[in-house]
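All residue numbers for the sequence shown refer to numbering that gives the first Met the number 0, where the first residue is 0 and numbers rise by one.
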Amino acid sequence: MNVNLNLISTLSIAIVFFIIGTFLKDKIKFFSKFCIPSPVIGGLLFTLLSLLLRIFNIVNISVSQNFISIFMTVFFTILGLNASFKLVKKGGSLLFKYWILCGFLALSQNIIAVSIAKITNIHPLIALMCGTISMEGGHGNAAAFGSTIEKMGINGAVTIGLASATLGIIIGGLLGAPVARYLIEKHNLKPKFNPYPKLYNKKSNFLTKNFLTRNSKSNIFTTINFFEHTLVILLCLNFGNLIAKTIYLKTSIVIPSVVGCMIVACIFRNFNDKVKLVNLNFYILDFASDIALSMFLIIALMSINLLDLATIAGPMLLIIFAQVIFILIYSIFVCFKVLGKNFDAAVMISGIIGHGIGNTPNALANINSVTHKYGPSEKASLIVPLVGAFLLDIFSLPCIIIFINLFK
């Protein structure tokens, strides 16, 4: 029997499993100890239950994926509203270092993929689907570049790419925060400075609270304030989509709408800082960001069919295994040292693992989970989303295109 869940049913079940994931994280020491994000716990639990129901021919559940892009776009738009140019300047050389490290990771992932392809005698373009395309690029790049590769006569590229991206999300969500925990506890690292000590506690989300204004009036959560901020977000969404579509129609250059929305939000934030059109309340933005990020992750995981992972043959699993081993060694022994071997560096490691073998929301969920337990990291909360959301594409997209043309 097939059951196709509609929008409301999907959202309802997602909320239920998010609550279950939060409950399990609070009750099971393993989850809290290793900082596994609640959406990952709940989403994987649903996926496993769905797999069992499918295996025993009880019911085949399909969830609606329409909410995924909505929540993702809202999340990145709010990130844009937090991207103050003053804070970018604060990123300074550390942001540049993180950017270069991520660029080298993108190159290394493709080299690993084609090297194993030669050893296992599979087509290099198929192997590339388990490289930067799906690891740092996620499902979007896997679908886009997979279609391009299939047009070259390589069958199964999309399926392998999507399956690899799926596995990457799971691994990135499970490994990022525990590695940060290992570094923090091994080196006894502490946050250098909490500018709002009374506002921070372990159960609060510090992903955006580090941008709070000192004006206490801005912390009031009222109906009119909520709708003002909803309007700001919606206007950024509309103008961002319009700009992305216009650029494509005029130049044929594809800019993801999520990037357009984030850029518009960033421009608005910095313009608003000067003219004070809206008194931005970062409690409200943090609240909306937390919901959007959690719902994006849990619905994305709920939509995974674990049986699709069986389409990845031995060589593909070998490539992904090699990618995981490399990023763990690279992040712990290279990135951590280059980034300063301090608390901020450890938190950023959870981010580079999150989007290095998963996606940017994974990275932010990892940071969220770590900062909930150990304290805030303003630099990580600023640098990781800026690089993971769009700066990384400056390295990764040319790298992907070059490798495809080399091995076509």
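By construction, the Cβ of each residue, glycine as well, lies at the ideal position given by its N, Cα and C atoms.
Have a look at the options and flag the residue whose alpha-carbon is nearest the alpha-carbon of residue i.
i: Leu80; options: Tyr373, Ile27, Val58 and Asp272; result: Asp272
i: Gly71; options: Leu124, Ile110, Thr250 and Met294; result: Reading the sequence as shown, one finds Met at residue 71 and not Gly. Out of Leu124, Ile110, Thr250 and Met294, Met294 has the C-alpha closest to the C-alpha of Met71.
i: Leu161; options: His186, Ile132, Cys260 and Leu182; result: Ile132
i: Leu94; options: Gly339, Ala116 and Lys372; result: Gly339
i: Ala126; options: Met315, Phe342, Ser368 and Ala364; result: Met315
i: Leu188; options: Ile99, Lys244 and Thr370; result: Thr370
i: Leu78; options: Phe286, Ile159 and Cys265; result: Cys265
i: Leu317; options: Asn120, Ser92 and Ile54; result: Asn120
i: Val383; options: Lys88, Ser11, Ser349 and Ile54; result: Ser349
i: Leu391; options: Phe335, Leu104, Val39 and Ser49; result: Leu104
i: Thr221; options: Asn109, Leu173, Lys28 and Phe286; result: Phe286
i: Gly130; options: Asn365, Ala164, Lys150 and Glu149; result: Ala164
i: Cys334; options: Gln64, Gly42, Lys85 and Trp98; result: Trp98
i: Ser63; options: Ser302, Lys372 and Thr229; result: Ser302
i: Leu306; options: Leu51, Phe267, Ala13 and Val39; result: Leu51
i: Val39; options: Gly374, Thr229 and Ile298; result: Ile298
i: Ile168; options: Tyr181, Leu363 and Phe226; result: Leu363
i: Ser409; options: Tyr373, Ile400 and Phe325; result: The requested residue 409 does not occur in the structure, where the chain is confined to residues 0 to 407.
i: Ile110; options: Ala321, Asn367 and Met347; result: Ala321
i: Lys372; options: Ala156, Lys28 and Asn361; result: Lys28
Reducing DSSP to helix, strand and coil, say where residue i ends up.
i: Asn154; result: coil
i: Asn59; result: strand
i: Asn140; result: helix
i: Cys129; result: coil
i: Ser376; result: coil
i: Phe220; result: coil
i: Leu241; result: helix
i: Ala179; result: helix
i: Ser49; result: helix
i: Glu184; result: helix
i: Thr72; result: helix
i: Lys273; result: helix
i: Glu135; result: coil
i: Ser146; result: helix
i: Gly415; result: Residue 415 lies beyond the stretch modelled for the chain, which goes from 0 to 407, so this question has no answer here.
i: Asn304; result: coil
i: Ile429; result: Outside the displayed range of the chain (0 to 407) lies residue 429, so it cannot be described from this structure.
i: Pro360; result: helix
i: Asn278; result: coil
i: Gly339; result: coil
i: Gly387; result: helix
i: His122; result: coil
i: Ala162; result: helix
i: Pro38; result: helix
i: Ser251; result: coil
i: Ser83; result: coil
i: Lys410; result: Any question about residue 410 goes unanswered here, given that the chain covers just 0 to 407.
Along the beta strand (DSSP E) that carries residue i, what are the first and last residues, could you check?
i: Asn3; result: Asn1 to Asn3
By Cβ distance below 8 Å, which residues in the same chain neighbour residue i in space, the five residues on each side in sequence not counted?
i: Leu44; result: Phe16, Ile19, Gly20 and Leu23
i: Ala291; result: Phe70, Met71, Val73, Phe74 and Ile77
i: Ile403; result: Leu124, Leu127, Phe144, Thr147 and Ile148
i: Lys117; result: Pro123
i: Lys408; result: Only positions 0 to 407 of the chain appear in this structure, which leaves residue 408 out of reach.
i: Met0; result: Ile57, Val58 and Asn59
i: Ile153; result: His122, Leu124 and Ile125
i: Asn365; result: Cys34, Pro36, Gly171, Gly172, Gly175, Ala176, Ala179, Ser349, Gly350, Ile352 and Gly353
In chain order, what residues of the same chain have a beta carbon less than 6 Å from the beta carbon of residue i, not counting five sequence neighbours either side?
i: Asn304; result: none
i: Ser217; result: Interpretation of Ser217 is limited by its pLDDT of 49, a score under 50 that renders its predicted location unreliable; the figure taken from the coordinates is listed afterwards. Contacts found: Asn278 and Asn280.
i: Leu405; result: none
i: Val2; result: Val58 and Ile60
i: Gly374; result: Pro190
i: Met151; result: Lys407
For residue i, would you say it is in contact with chain C, using Cβ-to-Cβ distances shorter than 8 Å as the test?
i: Asn224; result: Absent here is chain C; the protein component of the structure consists of one chain.
Using a Cβ-Cβ cutoff of less than 7 Å, which residues in the same chain neighbour residue i once the five nearest sequence positions on both sides are dropped?
i: Asn224; result: Asn280 and Ile283
i: Val337; result: Lys96 and Leu100
i: Leu10; result: Phe66
i: Asn5; result: Ser63
i: Phe30; result: Leu23, Lys24 and Ile40
Span of the alpha helix (DSSP H) holding residue i?
i: Ala344; result: Phe342 to Gly355
i: Ala321; result: Gly313 to Tyr329
i: Leu284; result: Phe281 to Met301
i: Phe22; result: Leu6 to Lys26
i: Asn404; result: Asp392 to Phe406
Would you check if the segment 389-396 and the segment 127-142 touch, i.e. whether three or more CB-CB distances between them fall below 8 Å? They touch, by the three-pair rule.
Pairing CB atoms from the segment 350-360 with CB atoms from the segment 318-335, are three or more of them under 8 Å? Touching, yes.
Would you call the segment 340-350 and the segment 374-391 in contact, with 3 or more CB pairs under 8 Å? At 8 Å Cβ cutoff, the stretches touch.
With three or more C-beta pairs closer than 8 Å as the rule, is the segment 260-276 touching the segment 231-251? In the pairwise beta carbon analysis, the segment 231-251 is classified as touching the segment 260-276: at least three pairs are separated by under 8 Å.
Decide if the segment 30-40 is in contact with the segment 170-182; the criterion is three or more beta carbon pairs, one per stretch, under 8 Å apart. Yes, they touch.
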